[in-house]
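Have a look at the structure below before the remarks.
In the numbering used here, the protein residues as written are 863 to 1004.
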């Protein structure tokens, strides 16, 4: 008589494999979730830096061209951003997924008055202008 023990070995192999997968998921899912959140924070920071750099570039161009000049800046933002613009810098505070905040700042020379602009998620158009016969530059949304 031939004895068949392969069914029990196969069942034990499946159980060991399932338990190993369960342990693997328990330890790797929280780590991967944290890695994804960190990646999203970096993406948001880079997007905000890009937006502020484009605004800063437009302000520098208008300041360099003098009175009567005007530049239009088309921006695409991943999320809603409040940008503060003062005499010599543009900045924003980002809330990170880790509940921390990060300030991004870009410096420039200009005679623009202190103001703040809120950019919506998606496409935004800003106009940087130095009206003729005016001492100060202005920036506004279109």
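We treat Cβ as the ideally placed atom computed from N, Cα and C, and that holds for glycine.
{"Asked": "Where the beta strand (DSSP E) through residue 984 begins and ends", "Found": "984-991"}
{"Asked": "Close-in-space but distant-in-sequence residues of the same chain around residue 929 (CB under 8 Å, 5 per side omitted)", "Found": "992, 993, 994, 995 and 996"}
{"Asked": "Limits of the beta strand (DSSP E) - the one that residue 965 falls within", "Found": "963-969"}
{"Asked": "DSSP beta-bridge partners of residue 913", "Found": "DSSP, once it has assigned bridges, lists no residue as partnering residue 913."}
{"Asked": "The region 918-932 contacting the region 877-888, beta-carbon criterion three pairs below 8 Å", "Found": "no"}
{"Asked": "Residue-level contact to chain B via CB, residue 875, 8 Å cutoff", "Found": "No chain B is present in this structure, which holds just one protein chain."}
{"Asked": "Rounded straight-line distance, which links the Cα of residue 938 to that of residue 857", "Found": "With the chain covering 863 to 1004 only, the question about residue 857 has no answer from this structure."}
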